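**Q**
Residue numbers (the working numbering), protein chains in the order written: chain A, 1 to 588; chain B, 1 to 259.
#1: Considering only residues of the same chain and omitting the five flanking positions on each side of residue 49 of chain A, which have a CB-CB separation below 7 Å?
#2: Here's a check: name, in chain order, each residue in its chain whose Cβ is nearer than 8 Å to the Cβ of residue 188 of chain B, leaving out the five neighbours to either side.
#3: Using a beta-carbon distance below 8 Å, is residue 256 of chain B in contact with chain A?
#4: Comparing the C-beta of residue 50 of chain B with each C-beta of chain A, is any distance below 8 Å?
#5: Terminal residues of the continuous alpha helix (DSSP H) containing residue 175 of chain A?
#6: Could you tell me which whole alpha helix (DSSP H) segments of length 4 or greater appear in the region 451 to 533 of chain A?
#7: Go ahead and pull the three-state DSSP assignment for residue 276 of chain A.
#8: Taking Cβ positions only, does residue 506 of chain A come closer than 8 Å to chain B?
#9: Would you tell me roughly how many angstroms separate the C-alpha atoms of residue 491 of chain A and residue 205 of chain A, rounded to the nearest one?
#10: Name the DSSP bridge partner or partners of residue 91 of chain B?
#11: Is it right to say residue 185 of chain B is buried, meaning 16 or more other beta carbons lie within 10 angstroms of its own, or is it exposed?
#12: What are the residues of the region 242 to 260 of chain A that lie near chain B, defined by any Cβ-Cβ distance shorter than 9 Å?
#13: Would the C-beta of residue 475 of chain A count as close to the ligand FMN, meaning under 7 Å from any of its heavy atoms?
#14: Examine chain B for any beta-carbon lying closer than 8 Å to the beta-carbon of residue 63 of chain A, and answer yes or no.
#15: For the pair the region 13 to 30 of chain A and the region 559 to 577 of chain A, tell me if three or more CB-CB distances fall below 8 Å.
#16: Within 10 angstroms of its Cβ, does residue 109 of chain A collect 16 or more other Cβ (buried), or is it exposed?
#17: Which chain A residues sit within Cβ distance under 7 Å of residue 222 of chain B?
#18: Taking residue 453 of chain A as the query, report the chain B residues whose CB atoms sit under 8 Å from its CB, ordered along the chain.
#19: Less than 8 Å between the CB atoms is what I'm expecting for residue 327 of chain A and residue 538 of chain A, so what's the real figure, rounded?
#20: For the pair the region 568 to 587 of chain A and the region 519 to 538 of chain A, tell me if three or more CB-CB distances fall below 8 Å.
#21: Taking DSSP's pairing of strands, which residues face residue 238 of chain A in a bridge?
#22: With a threshold of 8 Å between beta carbons, is residue 142 of chain B in contact with chain A?
#23: Taking the beta carbon of residue 489 of chain A as the centre, do at least 16 other beta carbons fall within 10 Å, making it buried, or is it exposed?
#24: Rounded to the nearest angstrom, what separates residue 200 of chain B and residue 103 of chain B at their Cα positions?
#25: Is residue 417 of chain A close to chain B? Criterion is C-beta to C-beta, closer than 8 Å.
#26: Beta strand (DSSP E) containing residue 76 of chain A: first to last residue?
#27: Taking the continuous alpha helix (DSSP H) assigned at residue 207 of chain A, which residues delimit it?
#28: Output, in chain order, the set of chain B residues within a Cβ distance shorter than 8 Å of residue 407 of chain A.
#29: On a Cα-Cα basis, can you pick out the residue from A:264, A:290, A:418 and A:94 that is closest to residue 10 of chain A?
#30: Counting only the same chain and skipping the five closest in sequence on each side, list residues whose C-beta sits under 6 Å from that of residue 452 of chain A.
#31: For residue 101 of chain B, which residues in chain A fall below 8 Å Cβ to Cβ?
#32: Can you give me the Cβ contacts of residue 82 of chain B inside the same chain, cut-off strictly under 6 Å, excluding the 5 residues immediately before and after it?
#33: Are there 16 or more other CB atoms within 10 angstroms of the CB of residue 483 of chain A, so buried, or fewer, so exposed?
#34: Distance check for residue 387 of chain A and residue 355 of chain A, CA to CA, integer angstroms please.
#35: Taking only beta-carbon atoms, is residue 128 of chain A less than 8 Å away from chain B?
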């Protein structure tokens with residue numbers, strides 16, 4: 001029998017970026033907020049201090065900060081004709097666990113969507129005809145770039161993002177991204193300086209008439225104090241960002257920007273080793289009464305709350321909706337249902353670039369240290385006759401040169417033996433990869449559901465992922481990777497190896513932790529799980545944050561947009577929802 | 001490492017201890033990362049989650065003899081890792097750098113025990129894109145695979161063990177494992193083993209020296225990686241110039257100890 005705990009105004013399921021954003025905003029508005037986090041509390045000095053943080057084996061290959069599949073995994077298949085089998089080892093994506101979530105081990109790449117990304121379906125159909133979206137299940141977002149902009153700006157000020165604006169209130173700015181939507185303010189801190197590899201990329205791209213600009217970075221170019229009084233330090237370019245915590249307080253994370261502030265609030269409580277099993281509802285199913293969670297010793301608790309917010313990783317939010325029976329699960333055979341629909345990923349390609357005469361020192365890096373072009377992203381270029389829609393940013397990026405992973409050799413050299421050893425030694429300081437960070441568009445056969453065979457440690461059905469790359473995205477990857485290879489050749493490289501993403505999607509090799517969709521937002525309950533305020537259509541006191549809200553994934557890293565959407569959600573809750581508890585913020 | 005009076009109980013020992021003394025002990029146990037279970041649910045309000053003396057620093061590999069591998073496995077691995085990374089003036093061979101010690105300690109520890117693998121059933125063969133589907137922990141996977149490989153080698157090489165066949169023949173056998181052409185008895189393919197093995201060898205050769213491989217940071221020195229370096233600010237825009245100095249690991253560098 002579950003023990004009933006004292007009721008709170010808001011219970012947050014998971015305490016990473018969006019949980020911390022909601023906690024800060026709602027505590028400041030005077031609500032009592034309880035965050036339930038399935039794993040442990042983690043802090044910079046205890047868990048990733050500079051004295052032991054720079055450890056590729058432990059953090060990256062032994063998954064020290066990541067979700068442990070022993071306790072939490074999913075099943076996977078490429079298509080409905082296959083039997084889904086468990087992901088027995090993390091590979092293609094690396095979700096976090098514990099306080100801070102994946103916000104600890106991310107790279108700090110902070111992007112906004114293009115204005116056209118918010119109306120993707122209608123924009124493409126207007127420009128290229130209905131045929132351009134055939135075979136895809138794209139949807140427009142129920143809000144515009146303009147509506148979200150103040151919240152993008154809020155996240156930039158929380159993080160202290162380093163960058164160069166390209167569009168300030170409609171006025172184009174030299175050196176920034178000429179394709180971006182209007183910003184209401186410049187970046188809080190100036191862009192990072194370029195290391196040699198990104199500089200070569202920048203020069204080559206500019207000489208070709210493209211528009212390189214510094215990648216927006218949550219690795220700070222200078223010391224910064226955010227509006228909550230949290231202090232971040234200047235990045236030292238140690239190169240251990242992605243897959244690592246930052247011991248130097250230089251990378252924006254929930255721990256460096258929000259959590260110490262939140263923990264001073266008397267109306268906030270964090271409960272760790274508390275894993276939510278189910279969202280509980282009234283008998284009519286229309287109102288969430290709270291959540292049931294289990295502690296590390298196996299004891300169950302019922303936590304009543306006026307508002308329930310799912311603030312875990314996208315995969316877990318979808319799973320909790322499905323195991324709680326909220327909303328209609330998507331069925332690809334009929335096209336009916338919305339929960340689990342439009343699961344998308346990110347179509348990652350790259351170009352390896354080797355130099356015989358240039359010393360790049362690629363171990364000098366930061367998670368977002370890159371020169372980027374956005375000329376081939378979204379609809380920033382004419383797609384007439386290309387046979388696909390979407391695109392990618394192309395980045396001359398050196399975040400790090402982890403030697404277990406990144407002793408690269410040119411084509412024709414074996415993967416081991418004396419020849420490998422000599423070529424690896426020759427090129428280690430003389431190579432880099434250009435990243436081709438492509439969009440991932442939804443199609444009917446890609447979705448998330450409950451597995452009929454495999455159960456998790458609590459006896460619930462595991463989440464089942466069915467995914468393969470749509471033809472549209474593979475064509476996009478080929479086209480954009482060819483453009484990246486042209487830039488590589490103009491950098492004075494001796495060997496260029498384009499690696500356009502190819503199918504089938506393979507869950508074993510790291511690509512990116514950008515899993516999106518499944519709890520998408522939309523204009524009506526017929527085509528979405530939540531409204532523009534991330535409020536459930538079915539259960540109005542239930543809110544869902546994160547990249548699950550995306551009906552498809554543009555060619556950008558998801559954190560900037562999901563953080564902005566969380567600020568918008570918090571704003572709607574504190575200014576409107578609390579005045580009419582239980583009422584929908586959008587009339588269906 | 002000798003466990004003297006100043007020895008700090010590490011996480012693994014603490015968990016073992018709490019399991020041994022039951023639930024009363026479990027209340028004192030700590031789970032400091034990544035969901036290795038064992039911790040109590042904690043409540044934080046008006047406080048930062050700081051606890052003295054609980055820094056999550058890594059455990060170094062122990063010195064001494066073999067912890068997991070048997071003599072036959074040591075013979076196979078020593079021969080095989082030195083074909084993957086042979087000795088030459090560029091830098092040490094894999095075994096010279098301590099990679100076999102590294103593999104032994106990894107297989108004896110959390111990695112070998114499958115602490116981060118989901119190994120529950122039902123088990124069935126999947127597609128390549130679905131990845132590892134074995135019931136075995138990595139330690140069991142190595143034991144099973146090496147036995148099966150030595151059986152296959154014995155059949156084709158007149159009863160010899162892998163370590164006793166000539167180097168060029170060893171290379172040919174490793175290439176057959178890489179492609180999966182070396183047929184093994186049992187459920188594991190030679191390709192699946194080789195994939196895990198090559199990855200683990202690279203881990204041992206290039207990881208921080210505290211884990212038993214990359215002795216004295218020699219593999220880092222070979223390629224020019226400075227190691228656990230804190231601040232490169234002054235070299236960020238020093239284009240095309242070498243960064244001076246010897247590599248440094250989490251416990252410093254040999255010169256610090258000997259100087």
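Note that beta-carbon positions come from the ideal geometry of N, C-alpha and C, so glycine has one too.
In this text the structure is predicted, and so the values were computed from the model without any measurement.
**A** On the basis of the coordinates in this document:
#1: Position 49 of the first chain, counting from 1, holds the residue named residue 49 of chain A. 247, listed in sequence order.
#2: As a first step, residue 188 of chain B must be located in the second chain, where it is residue number 188. Once the five neighbours on either side are set aside, the close Cβ partners of residue 188 of chain B are 134, 136, 141, 144, 145 and 148.
#3: Numbered from its first residue, the second chain carries residue 256 of chain B at position 256. No, residue 256 of chain B does not count as interfacial toward chain A.
#4: The residue you call residue 50 of chain B lines up with position 50 of the second chain. Closer than 8 Å: yes.
#5: The count along the first chain starts at 1 and reaches residue 175 of chain A at position 175. No alpha helix (DSSP H) contains residue 175 of chain A, which DSSP labels as neither H nor E.
#6: 471 to 489
#7: For the purposes of this step, residue 276 of chain A is taken as residue 276 along the first chain, with counting starting at 1. In this structure, residue 276 of chain A counts as strand in the three-state DSSP scheme.
#8: Stepping through the first chain from its first residue, residue 506 of chain A is reached at position 506. So, interface residue.
#9: The residue you call residue 491 of chain A lines up with position 491 of the first chain. The residue you call residue 205 of chain A lines up with position 205 of the first chain. One C-alpha to the other measures close to 9 Å.
#10: Working through the second chain from its first residue, we reach residue 91 of chain B at position 91. For residue 91 of chain B, which the question treats as bridged, DSSP gives the partners B:88.
#11: Position 185 of the second chain, counted from the start, is the residue given in the question as residue 185 of chain B. With fewer than 16 other Cβ atoms within 10 Å, it is exposed.
#12: 247, 248, 259 and 260
#13: The model depicted lacks the ligand FMN and carries no ligand whatsoever.
#14: Residue numbering aside, residue 63 of chain A sits at position 63 when the first chain is read from its first letter. So, interface residue.
#15: yes
#16: As a position in the first chain, residue 109 of chain A is number 109, starting the count at 1. So residue 109 of chain A ends up on the buried side.
#17: Taking the first residue of the second chain as position 1, residue 222 of chain B is located at position 222. Near residue 222 of chain B (Cβ distances below 7 Å), the residues of chain A are 425.
#18: The residue labelled residue 453 of chain A in the question sits at position 453 within the first chain. Within chain B, the residues near residue 453 of chain A are 122.
#19: For the purposes of this step, residue 327 of chain A is taken as residue 327 along the first chain, with counting starting at 1. For the purposes of this step, residue 538 of chain A is taken as residue 538 along the first chain, with counting starting at 1. Indeed, because the Cβ distance is near 5 Å, the residues count as touching under 8 Å.
#20: yes
#21: Sequence index remark: in the first chain, residue 238 of chain A carries index 238 (1-based). DSSP, once it has assigned bridges, lists A:365 as partnering residue 238 of chain A.
#22: Here residue 142 of chain B refers to the residue found at position 142 when the second chain is read from its first residue. It does not; no Cβ of chain A falls within 8 Å.
#23: Here the question's residue 489 of chain A lines up with position 489 in the first chain. Classification for residue 489 of chain A: exposed.
#24: Within the second chain, numbered from 1, the residue matching residue 200 of chain B stands at position 200. Within the second chain, numbered from 1, the residue matching residue 103 of chain B stands at position 103. Distance between the alpha carbons of residue 200 of chain B and residue 103 of chain B is about 7 Å.
#25: Counted from its first residue, the first chain places residue 417 of chain A at position 417. Answer yes: the Cβ-Cβ gap between residue 417 of chain A and chain B drops below 8 Å somewhere.
#26: Counting from 1 along the first chain, the entry for residue 76 of chain A is found at position 76. Residues 74 to 77.
#27: Here residue 207 of chain A refers to the residue found at position 207 when the first chain is read from its first residue. Unbroken alpha helix (DSSP H) run through residue 207 of chain A: 196 to 207.
#28: Here residue 407 of chain A corresponds to residue number 407 of the first chain, with the count starting at 1. Per Cβ cutoff of 8 Å: 202, 206 and 223.
#29: On the first chain, residue 10 of chain A is found 10 positions in, with the first residue counted as 1. Checking every option, the nearest Cα to that of residue 10 of chain A belongs to A:290.
#30: On the first chain, position 452 is the one that residue 452 of chain A refers to. Answer for residue 452 of chain A: no residue qualifies.
#31: Numbered from 1 along the second chain, position 101 holds the residue referred to as residue 101 of chain B. Those within 8 Å of residue 101 of chain B in chain A number zero; the least Cβ separation is about 14 Å.
#32: Taking the first residue of the second chain as 1, we reach residue 82 of chain B at position 82. For residue 82 of chain B, where only same-chain residues beyond five positions count, the Cβ hits under 6 Å are 93, 94 and 95.
#33: The count along the first chain starts at 1 and reaches residue 483 of chain A at position 483. Classification for residue 483 of chain A: buried.
#34: Taking the first residue of the first chain as 1, we reach residue 355 of chain A at position 355. Taking the first residue of the first chain as 1, we reach residue 387 of chain A at position 387. If you take the alpha carbons of residue 355 of chain A and residue 387 of chain A, they lie about 34 Å apart.
#35: As a position in the first chain, residue 128 of chain A is number 128, starting the count at 1. Cβ-Cβ to chain B under 8 Å: no for residue 128 of chain A.
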